[in-house]
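K.L.:
Could you have a look at this structure, given as structure tokens, before my questions?
There are 2 protein chains.
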Amino acid sequence: MGRLHREGGLKPMDAEQLRECAHKMVDFISDYYKNIENFPVLSQVQPGYLRELLPDSAPTHPESFQDVLNDVQAKILPGVTHWQSPDYFAYFPSNSSVAGFLGEMLSAGINMVGFSWITSPAATELEMIVLDWLAKALKLPDEFLSIGPGGGVIQGTASEAVLVVLLAARDKVLRKVGKDAIGKLVVYSSDQTHSALQKACQIGGIHPENHRVLKTDPSTEYALSPESFCEAISHDIASGLIPFFFCATVGTTSSTAVDPLLALGEITKSNGMWFHVDAAYAGSACICPEFRHYIDGVKEADSFNMNAHKWLLTNFDCSALWVKDRSALIQSLSTNPEFLKNKASQGNMVVDYKDWQIPLGRRFRSLKLWMVLRLYGLENLQAYIRNHIELAKMFEELVKQDPRFEVAAPRKFSLVCLRLLPPQNNEDCANKLNHDLLESVNSTGKIFISHTVLSSKYVLRFAVGAPLTEERHIVAAWKVLQEEASALLRIL
Amino acid sequence: MGRLHREGGLKPMDAEQLRECAHKMVDFISDYYKNIENFPVLSQVQPGYLRELLPDSAPTHPESFQDVLNDVQAKILPGVTHWQSPDYFAYFPSNSSVAGFLGEMLSAGINMVGFSWITSPAATELEMIVLDWLAKALKLPDEFLSIGPGGGVIQGTASEAVLVVLLAARDKVLRKVGKDAIGKLVVYSSDQTHSALQKACQIGGIHPENHRVLKTDPSTEYALSPESFCEAISHDIASGLIPFFFCATVGTTSSTAVDPLLALGEITKSNGMWFHVDAAYAGSACICPEFRHYIDGVKEADSFNMNAHKWLLTNFDCSALWVKDRSALIQSLSTNPEFLKNKASQGNMVVDYKDWQIPLGRRFRSLKLWMVLRLYGLENLQAYIRNHIELAKMFEELVKQDPRFEVAAPRKFSLVCLRLLPPQNNEDCANKLNHDLLESVNSTGKIFISHTVLSSKYVLRFAVGAPLTEERHIVAAWKVLQEEASALLRIL
Chain U
10 MGRLHREGGL
20 KPMDAEQLRE
30 CAHKMVDFIS
40 DYYKNIENFP
50 VLSQVQPGYL
60 RELLPDSAPT
70 HPESFQDVLN
80 DVQAKILPGV
90 THWQSPDYFA
100 YFPSNSSVAG
110 FLGEMLSAGI
120 NMVGFSWITS
130 PAATELEMIV
140 LDWLAKALKL
150 PDEFLSIGPG
160 GGVIQGTASE
170 AVLVVLLAAR
180 DKVLRKVGKD
190 AIGKLVVYSS
200 DQTHSALQKA
210 CQIGGIHPEN
220 HRVLKTDPST
230 EYALSPESFC
240 EAISHDIASG
250 LIPFFFCATV
260 GTTSSTAVDP
270 LLALGEITKS
280 NGMWFHVDAA
290 YAGSACICPE
300 FRHYIDGVKE
310 ADSFNMNAHK
320 WLLTNFDCSA
330 LWVKDRSALI
340 QSLSTNPEFL
350 KNKASQGNMV
360 VDYKDWQIPL
370 GRRFRSLKLW
380 MVLRLYGLEN
390 LQAYIRNHIE
400 LAKMFEELVK
410 QDPRFEVAAP
420 RKFSLVCLRL
430 LPPQNNEDCA
440 NKLNHDLLES
450 VNSTGKIFIS
460 HTVLSSKYVL
470 RFAVGAPLTE
480 ERHIVAAWKV
490 LQEEASALLR
500 IL
Chain B
10 MGRLHREGGL
20 KPMDAEQLRE
30 CAHKMVDFIS
40 DYYKNIENFP
50 VLSQVQPGYL
60 RELLPDSAPT
70 HPESFQDVLN
80 DVQAKILPGV
90 THWQSPDYFA
100 YFPSNSSVAG
110 FLGEMLSAGI
120 NMVGFSWITS
130 PAATELEMIV
140 LDWLAKALKL
150 PDEFLSIGPG
160 GGVIQGTASE
170 AVLVVLLAAR
180 DKVLRKVGKD
190 AIGKLVVYSS
200 DQTHSALQKA
210 CQIGGIHPEN
220 HRVLKTDPST
230 EYALSPESFC
240 EAISHDIASG
250 LIPFFFCATV
260 GTTSSTAVDP
270 LLALGEITKS
280 NGMWFHVDAA
290 YAGSACICPE
300 FRHYIDGVKE
310 ADSFNMNAHK
320 WLLTNFDCSA
330 LWVKDRSALI
340 QSLSTNPEFL
350 KNKASQGNMV
360 VDYKDWQIPL
370 GRRFRSLKLW
380 MVLRLYGLEN
390 LQAYIRNHIE
400 LAKMFEELVK
410 QDPRFEVAAP
420 RKFSLVCLRL
430 LPPQNNEDCA
440 NKLNHDLLES
450 VNSTGKIFIS
460 HTVLSSKYVL
470 RFAVGAPLTE
480 ERHIVAAWKV
490 LQEEASALLR
500 IL
């Protein structure tokens, strides 16, 4: 395989050169998956490792594709943390799949920039259709479907999803009370809500002292209590402030807690607030009838978000957001420069997704979600989710059988929170012990797990959800945890 | 090729199934490029066309890959506007290339989520290195390199780039004057600046009446005059307002005007303002020594942005942003939740790009830029840019030779602005005439061009820059324009 610069000048998009190189890349990537268990899951390189290995400026003349592939193997892959490894149990999963990968390839091949309908009608229309499909699979209320004043849109991440709805809500209330009242607007969430909300507040200019971070505890399994929500709102109204936005979570990052949507939603409604539901991780599980009840109450929500790129086999990025009133989004995010005007847009005949998101340009991301839904079908996707939850249950049982450990929060989906108990119930050293356990487990390279803090306790998070994970990986992972725990306890 | 669901249950990431299907997809995409000239460039479908063709819910059972590919061919491609067609001359280009495509494939294959260094050190470090390479190729000041307090980062789009620096600048000044002064902050730009700045102001809560959109005209070739900038600032200061952000453009969207960076930059500096340079399109040309002078004065800038995904053969999305003071970005955009804490981050040993951007998650986008720079080399990339500029010059000459047309703004890079002159110099009908010409040209499906308005005149934009465009396409495009113009003039 030679240089891409052949006789007769550069041919940057020659179909036959593309065919030749891309076939080679397919084999490279397939081999990567075949051998993925051989890599340390968490990259073991030191900060700055790559600068030692690469030149400090771009080459003047072309290099060969084989040279680049060799460098990927020798220099890049050692610095990769392998999210697709079956031994990856950190954070939440970020699924790759054959179907998702094929969709990404096709999207990169067509390489259109779908900001307006006209720039590729198929991109906008497939997105509307596929998000309707997914909304129906999740049994979302009809108001979230694209046939009415609402609809779905693919955002890059849940952070962008919560940001755009926060902006829509902010501007909706400021249109009523005047923009100088921004310092009076209050946002509510629990202390388990993802930091994406805090970031959205920072971006949108909500004063940090007006973000109510309401405390949760084990008595509600870290779910927000409607009573404390109500109290906080009353207190703020009495102080002359304006409650305008609430973000509930179904499946919190730390422990997959589920806020009671129905009760909380009714409170937001009676106070005229925007109610956003973040189900970034756990939303995928709600395609199974037996888990759907976790989003009962979503009918009260103004917006709902789940990440198909987490646990629904759709390669990153694909964060599905539905809103009941798309005009609120559009009023906040639209601009209408002359150079983008066209008959379809000016005639209000179409959706222009540029006005539903932060960036102008957008990729053809619906292709991968469409391929996932078609190539697997809903029944298989449900089985896929159920299998992970069964594996997590199995892991939970293993933890329970070892008296040195405790399950640190109730397991609802595929995340198990666990903790190594300190010897002689000495809680003073418990956090350090678990921190050390995390470090030693992850340094083995055999598995990768992450942590959180719940009620001041340092807790290990074991999240099942990589597409290649099987029972044997769970068993082996537990063995690693046990062995590292034994080693730590020995030297105490 | 059968269903992905085989005997023995779903295998969503089976290496051999991936190999089989992805080889087939490579051939599909290569054939697409082989036949790309046979499609209408601008999709000719009607709004809502796709809903007629697809079922209204996701399938319960898996479908075959061949069925999906057949649908892509029969139902999706007719709704695609072919940005990679050699006959695409609308907006600005959005380059695809063999190298860029390979990088996208690899990124989708690894499918990691690189929010923090630890989540894949190679993703963060390659991005720092490759943006240093590109900064050097552009001869950006050393303060933009990652060795000091500055550095580069890949954003999705220029919209996100201007937003994050606007937020950094906003918070920097609000830390001094207090956050209740947000209503006094003033942003400056010319009337040629991209609408992304207006959107950033809306998001960041800058009052719309405090966005000074300074008029330009043909006397400066639509560049902003330092005098009017100075005047506006003085006037605002006298009114008790606080000038804090200025966005200059190198290569405006409407006509590729170039704001005089040096003079404007000195004014921002003496007024303590943040100076952002948006060279989204024309930045790529500045890797050629003969065009580098257009960004002379960038040394005054606090931030500089160019889109490698526009005209530098890197598949969408890859918007390169450099800042001199990364701590300003980080102060605005960082959050530090417990569940993301890790030794490398807490020890300040690494860059965590999550704090340089809006979303949390991020793809491995540096791979494609790295592949483009290595597989083509700077000399070929320069030749690639020069070739497009030569083709644009050729087109400009063709326009000049036809007395029915005029070149409507000076050509600097690869965009030609042109206008069909109205018969009998009747300016009243000139705008409608050119609007009708645009519609009729684009309805042929033979080429796709776009438009703008300059000094109240409706102007056609002909932007050369697709990787497959050759001289013969320019000649044929001009013939289409001439023929449609003749037809229109006949019926007047």
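If you read the sequences in order, they're chains U and B. Using my numbering, the letters of the first sequence correspond one by one to residues 10 to 501. Using my numbering, the letters of the second sequence correspond one by one to residues 10 to 501. Yeah, the Cβ is synthetic: ideal placement off N, Cα and C, and Gly gets one too. Only a predicted model underlies this, so the values are computations on that prediction, with no experimental measurement involved.
Provide the residue(s) that pair with His285/U in DSSP beta bridges, ordered along the chain.
P.N.:
By one-based count along the first sequence, residue 285/U stands at place 276. Looking at the DSSP assignment, His285/U forms a beta bridge with Cys256/U, Ser312/U.
K.L.:
What does Lys145/B reach in chain U if we use C-beta pairs closer than 9 angstroms?
P.N.:
On the second sequence, position 136 is the one that residue 145/B refers to. What Lys145/B touches in chain U: Asp65, Ser66, Ala67.
K.L.:
Check whether the Cβ atoms of Ala401/U and Pro102/U lie closer than 8 angstroms to each other.
P.N.:
As a first step, residue 401/U is located in the first sequence; it is residue number 392 there, counting from the start. As a first step, residue 102/U is located in the first sequence; it is residue number 93 there, counting from the start. It is not a contact, given that the beta carbons lie outside the stated cut-off.
K.L.:
Just verifying my parser: in three-state terms, what is the DSSP assignment at Gly161/U?
P.N.:
Working through the first sequence from its first residue, we reach residue 161/U at position 152. If DSSP states are grouped into helix, strand and coil, Gly161/U belongs with the strands.
K.L.:
Relative to chain B, which residues along the segment 364–384 of chain U have a C-beta separation below 7 angstroms, given in chain order?
P.N.:
Answer in chain order: Ile367, Pro368, Leu369, Gly370, Arg372, Met380, Leu382, Arg383, Leu384.
K.L.:
Just checking, does the segment 320–340 of chain U make contact with the segment 357–369 of chain U on the three C-beta pairs under 8 angstroms criterion?
P.N.:
Enough Cβ pairs lie closer than 8 angstroms, so yes.
K.L.:
Pull out every residue of the segment 40–51 of chain B whose Cβ sits closer than 8 angstroms to any Cβ of chain U, in chain order.
P.N.:
Of all residues in the segment 40–51 of chain B, Asp40, Tyr41, Tyr42, Lys43, Leu51 have a Cβ within less than 8 angstroms of some Cβ in chain U.
K.L.:
Quick check on Gly187/U - is its C-beta less than 8 angstroms from some C-beta in chain B?
P.N.:
Locating residue 187/U in the first sequence gives position 178, counting from the first residue. No - not a single Cβ of chain B is within 8 angstroms of the one on Gly187/U.
K.L.:
Does DSSP classify Lys421/B as helix, strand or coil?
P.N.:
To locate residue 421/B, count along the second sequence from 1; it is residue 412. Coil at Lys421/B, not helix or strand.
K.L.:
Leu176/B and Ile215/U - do their beta-carbons sit closer together than 8 angstroms?
P.N.:
Stepping through the first sequence from its first residue, residue 215/U is reached at position 206. Stepping through the second sequence from its first residue, residue 176/B is reached at position 167. No, the pair does not count as a contact, with Cβ atoms beyond the cut-off.
K.L.:
Just the C-alpha distance for Lys308/U and Val416/B, rounded to the nearest angstrom, thanks.
P.N.:
If you number the first sequence from 1, residue 308/U lands on position 299. If you number the second sequence from 1, residue 416/B lands on position 407. Cα to Cα, Lys308/U sits roughly 57 angstroms from Val416/B.
K.L.:
If we count the other Cβ atoms within 10 Å of its Cβ and call it buried at 16 or more, is Glu16/U buried or exposed?
P.N.:
Within the first sequence, residue 16/U is the residue found at index 7, counting from 1. The predicted model places Glu16/U with a pLDDT of 44, which falls under 50 and marks its position as unreliable, so this point remains unresolved.
K.L.:
Quick one: residues in its chain with C-beta nearer than 7 angstroms to the C-beta of Trp487/U, no 5 flanking neighbours on either side, listed in chain order?
P.N.:
Sequence index remark: in the first sequence, residue 487/U carries index 478 (1-based). These residues qualify, in order along the chain: Phe404, Leu407.
K.L.:
Against Ser263/U, what residues of chain B qualify as contacts under a CB-to-CB distance less than 8 angstroms, listed in chain order?
P.N.:
Here residue 263/U corresponds to residue number 254 of the first sequence, with the count starting at 1. Within chain B, the residues near Ser263/U are Glu347, Phe348.
K.L.:
Let me make sure I understand the geometry here. Which of Val425/B, Glu436/B, Glu479/B has the alpha-carbon closest to that of Thr461/B?
P.N.:
For the purposes of this step, residue 461/B is taken as the residue at position 452 of the second sequence. It is Val425/B whose Cα lies nearest to the Cα of Thr461/B.
K.L.:
Would Gly157/U pass as an interface residue toward chain B - the criterion being a Cβ-Cβ separation below 8 angstroms?
P.N.:
For the purposes of this step, residue 157/U is taken as the residue at position 148 of the first sequence. Output row for Gly157/U: interface = no.
K.L.:
What is the C-beta distance between Ala241/B and Tyr197/B, in whole angstroms, given that I count them as a contact (C-beta under 8 angstroms)?
P.N.:
As a working mapping, residue 241/B is identified with position 232 in the second sequence. As a working mapping, residue 197/B is identified with position 188 in the second sequence. About 6 angstroms separates the two Cβ atoms, so the contact holds.
K.L.:
Comparing C-alpha positions only, which one of Thr261/U, Leu469/U, Gly159/U, Pro368/U sits nearest to Met315/U?
P.N.:
Position 306 of the first sequence, counted from the first residue, corresponds to residue 315/U. If we check each option's Cα against that of Met315/U, Thr261/U comes out closest.
K.L.:
Cα separation between Asn79/U and Ile38/U?
P.N.:
The count along the first sequence starts at 1 and reaches residue 79/U at position 70. The count along the first sequence starts at 1 and reaches residue 38/U at position 29. Between Asn79/U and Ile38/U, the C-alpha separation is close to 13 angstroms.
K.L.:
Any residues in the segment 296–309 of chain B with a beta carbon nearer than 8 angstroms to a beta carbon of chain U? Which ones, in chain order?
P.N.:
Residues passing the 8 angstroms Cβ filter: none.
K.L.:
Could you tell me whether the Cβ atoms of Trp142/U and Ser66/B are closer together than 8 angstroms?
P.N.:
Translated into positions along the first sequence, residue 142/U becomes position 133. Translated into positions along the second sequence, residue 66/B becomes position 57. Yes, Cβ-Cβ distance for Trp142/U and Ser66/B is below 8 angstroms.
K.L.:
Specify, as a first and last residue, the run of the beta strand (DSSP E) that Ser94/B falls within.
P.N.:
Taking the first residue of the second sequence as 1, we reach residue 94/B at position 85. Unbroken run through Ser94/B: none, as it is neither H nor E.
K.L.:
In terms of DSSP beta bridges, what is Phe414/U paired with?
P.N.:
Taking the first sequence and counting its residues from 1, the one referred to as residue 414/U is at position 405. In DSSP, Phe414/U forms a bridge with Leu429/U.
K.L.:
Would you verify that the beta carbon of Asp326/B is, or is not, closer than 8 angstroms to some beta carbon of chain U?
P.N.:
Position 317 of the second sequence, counting from 1, holds the residue named residue 326/B. Taking Cβ atoms only, chain U reaches closer than 8 angstroms to Asp326/B, which makes this a yes.
K.L.:
Three-state secondary structure (DSSP) at His302/B?
P.N.:
Taking the first residue of the second sequence as position 1, residue 302/B is located at position 293. Three-state DSSP puts His302/B in a helix.
K.L.:
Can a CB atom of chain D be found closer than 8 angstroms to the CB of Pro56/U?
P.N.:
In summary, chain D is missing from the structure at hand, where the protein chains are U and B.
K.L.:
Quick check on Glu398/B: buried or exposed, where buried means 16 or more other Cβ atoms within 10 Å of its Cβ?
P.N.:
Taking the first residue of the second sequence as position 1, residue 398/B is located at position 389. Residue identity differs from the one stated: residue 398/B is Ile in this sequence, not Glu. With 16 or more other Cβ atoms within 10 Å, it is buried.
K.L.:
Is Cys438/B buried or exposed, if buried means 16 or more other CB atoms sit within 10 Å of its CB?
P.N.:
Residue mapping note: residue 438/B aligns to position 429 of the second sequence, counting from 1. Label assigned to Cys438/B: exposed.
K.L.:
If you compare alpha carbons, which of Leu498/U, Lys377/U, Pro150/U, Leu384/U is closest to Gln433/U?
P.N.:
As a first step, residue 433/U must be located in the first sequence, where it is residue number 424. Here the closest residue by C-alpha is Leu498/U.
K.L.:
Please list, in chain order, all residues of the same chain as Leu429/B whose beta carbon is under 7 angstroms from its beta carbon, the five residues on each side excluded.
P.N.:
Against the second sequence, residue 429/B aligns to sequence position 420. So the qualifying residues of the chain are Arg413, Phe414, Leu442, Asn443, Leu446, Ala494.
K.L.:
Ends of the alpha helix (DSSP H) at Val35/B?
P.N.:
Here residue 35/B refers to the residue found at position 26 when the second sequence is read from its first residue. Taken as a continuous stretch (DSSP letters only), the alpha helix (DSSP H) holding Val35/B covers 24–43.
K.L.:
Does the segment 371–379 of chain B touch the segment 130–145 of chain B, meaning 3 or more C-beta pairs lie closer than 8 angstroms?
P.N.:
As far as the Cβ criterion goes, the segment 130–145 of chain B touches the segment 371–379 of chain B, which means the pair count is three or higher.
K.L.:
Which value, in whole angstroms, describes the spacing of the CA atoms of Asp200/B and Pro217/B?
P.N.:
On the second sequence, residue 200/B is found 191 positions in, with the first residue counted as 1. On the second sequence, residue 217/B is found 208 positions in, with the first residue counted as 1. If I take the Cα positions, the gap works out to 14 angstroms.
K.L.:
On the DSSP bridge assignment, give the partners of Phe251/B in chain order.
P.N.:
The residue labelled residue 251/B in the question sits at position 242 within the second sequence. In the sequence under discussion, the amino acid at residue 251/B is Ile, which differs from the Phe named in the question. Beta-bridge pairing links Ile251/B to Leu194/B.
K.L.:
Could you tell me the distance, in whole angstroms, from the CA atom of Trp92/B to the CA atom of Leu86/B?
P.N.:
The residue labelled residue 92/B in the question sits at position 83 within the second sequence. The residue labelled residue 86/B in the question sits at position 77 within the second sequence. Roughly 12 angstroms separates the two Cα atoms.
K.L.:
Mark His244/U as exposed unless 16 or more other C-beta atoms lie within 10 angstroms of its C-beta, in which case mark it buried.
P.N.:
Looking up residue 244/U in the first sequence gives position 235. Answer is exposed; the Cβ neighbour count stays below 16.
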